[in-house]
Amino acid sequence: MRYAVLSDIHANLPALQRVLEDAGERDIQRTIVCGDIVGYGAEPNECCDLIRELDAVVVRGNHDEAAVRPGKEQWFTAAAKACILWTREVLREEHLDFLRELQPARQIPGAHVCHGSLPDPDLYTTTPAEAMRSLAVMEEQLCFVGHTHCAEWYIYRNDNRPPSQHPRPEGGVFELADNRMYVINPGGLGQPRDGNSQASYAIWDQEAKTVEIRRLSYDILAAQNKILDAGLPVNMAERLRYGI
Ligand code: ZN
284 MRYAVLSDIH ANLPALQRVL EDAGERDIQR TIVCGDIVGY GAEPNECCDL
334 IRELDAVVVR GNHDEAAVRP GKEQWFTAAA KACILWTREV LREEHLDFLR
384 ELQPARQIPG AHVCHGSLPD PDLYTTTPAE AMRSLAVMEE QLCFVGHTHC
434 AEWYIYRNDN RPPSQHPRPE GGVFELADNR MYVINPGGLG QPRDGNSQAS
484 YAIWDQEAKT VEIRRLSYDI LAAQNKILDA GLPVNMAERL RYGI
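Taken in order, the sequence shown gives residues 284 to 527; the numbers are from the numbering used here.
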């Protein structure tokens with residue numbers, strides 16, 4: 284089985300279309316989504332349409348939750364809050380229902396899927412110690428996370444020491460060893476924050492035992508213009524150019 288692993292789409296339709304086009308040429312059987320389909324960007328309905336058509340393995344991100352649970356946005360920055368209030372207004376009822384039904388974590392043969400961290404979807408995984416929180420409760424060899432919008436992986440050698448951390452803002456491939464465990468972040472598809480403005484996603488090949496992080500140029504200007512046209516905070520458009 285070959286999976287495409289997406290995270291933090293954030294209503295960026297041009298980025299999502301580019302990634303799905305690329306994945307469509309790569310013999311993918313199933314798609315995994317580590318949460319945050321909506322929030323920040325200007326096309327939440329269109330992104331929900333595409334993800335739902337895929338019949339993907341999807342978990343709920345904090346923005347997905349805030350879109351359907353008033354009060355959750357109190358933890359957000361002012362700009363993120365403005366975006367989620369707008370998102371709540373424009374999302375179609377069927378998509379609100381879809382987001383409401385998402386689980387915080389899913390387990391499939393070989394991998395866990397969650398948003399920030401396996402024990403708590405709202406926690407960020409940015410350090411080996413933080414990755415250890417997921418590793419401590421994992422039953423599968425892999426755990427896919429998102430939330431930080433930074434492409435990277437952590438390798439745990441089953442020795443009770445913190446895993447090694449491998450940021451990969453330029454993308455890359457690695458081989459999965461049977462006696463190791465991994466926490467893998469495919470990067471922020473629709474709002475990268477690792478200094479690379481290209482859209483990010485991963486391909487997990489179960490038979491070949493590899494994970495590849497791919498970075499793709501897309502029409503950033505189109506995504507920016509839609510954000511500005513929607514009246515969303517200008518910063519949400521600007522940051523896309525810099526990948527921050
Ligand atoms: Zn996010």
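A virtual CB, placed ideally from N, CA and C, is assigned to each residue, including glycine.
Classify residue i: buried if its beta carbon has 16 or more other beta carbons within 10 angstroms, exposed otherwise.
i: residue 519; result: buried
i: residue 410; result: exposed
i: residue 324; result: buried
i: residue 347; result: buried
i: residue 474; result: buried
i: residue 462; result: exposed
i: residue 517; result: exposed
i: residue 354; result: exposed
i: residue 360; result: exposed
i: residue 482; result: buried
i: residue 227; result: Examination of residue 227 is not possible in this model, given that the chain is present from 284 through 527 alone.
i: residue 291; result: buried
i: residue 295; result: buried
i: residue 363; result: buried
In the DSSP assignment, what are the bridge partners of residue i?
i: residue 359; result: None; residue 359 has no bridge partner.
i: residue 427; result: 396 and 467
i: residue 448; result: 437
i: residue 506; result: Note: residue 506 sits in no beta bridge, so no partner.
i: residue 501; result: Per DSSP, none; premise fails for residue 501.
i: residue 381; result: DSSP, once it has assigned bridges, lists no residue as partnering residue 381.
i: residue 341; result: 316
i: residue 391; result: 394
i: residue 323; result: The partner list for residue 323 (beta bridge, DSSP) is empty, contrary to what the question assumes.
i: residue 386; result: 342
i: residue 483; result: 498
Our contact map puts residue i next to residue j with C-beta atoms below 8 Å; I'd like the distance itself, whole angstroms only.
i: residue 499; j: residue 302; result: 6 Å
i: residue 268; j: residue 287; result: There is no way to answer for residue 268, as the model of the chain reaches only from 284 to 527.
i: residue 431; j: residue 476; result: 7 Å
i: residue 437; j: residue 466; result: 4 Å
i: residue 289; j: residue 450; result: Contact doesn't hold; Cβ gap of about 19 Å is too wide.
i: residue 298; j: residue 472; result: 6 Å
i: residue 369; j: residue 506; result: That pair is no contact at about 15 Å.
i: residue 320; j: residue 311; result: Not confirmed; about 18 Å, so no contact.
i: residue 366; j: residue 515; result: 6 Å
Please identify the residue among the options whose C-alpha is closest to the C-alpha of residue i.
i: residue 458; options: 314, 491 and 480; result: 491
i: residue 464; options: 481, 495 and 417; result: 417
i: residue 375; options: 404, 521 and 332; result: 332
i: residue 479; options: 525, 446 and 392; result: 525
i: residue 393; options: 423, 403, 414 and 383; result: 423
i: residue 398; options: 366, 318, 497 and 435; result: 318
i: residue 420; options: 429, 435 and 396; result: 396
i: residue 229; options: 344, 368 and 468; result: Not covered by the structure: residue 229. The range shown for the chain is 284 to 527.
i: residue 485; options: 429, 389 and 415; result: 429
i: residue 433; options: 448, 372 and 489; result: 448
i: residue 527; options: 452, 391, 389 and 494; result: 452
i: residue 497; options: 304, 284, 295 and 425; result: 304
i: residue 338; options: 352, 358, 316 and 322; result: 316
i: residue 285; options: 523, 488, 510 and 371; result: 488
i: residue 414; options: 439, 334 and 391; result: 439
i: residue 322; options: 312, 356, 402 and 435; result: 356
i: residue 443; options: 456, 460 and 412; result: 412
i: residue 380; options: 494, 495, 328 and 405; result: 328
i: residue 388; options: 382, 373 and 404; result: 404
i: residue 446; options: 455, 371 and 425; result: 425
i: residue 435; options: 340, 363 and 495; result: 495
Is there a Cβ of chain B sitting closer than 8 Å to that of residue i, yes or no?
i: residue 356; result: The question asks about chain B, but that chain is absent: this structure has only one protein chain.
Distance cut 5 Å, beta-carbon to ligand 1 heavy atom: residue list by chain order: 291 and 319
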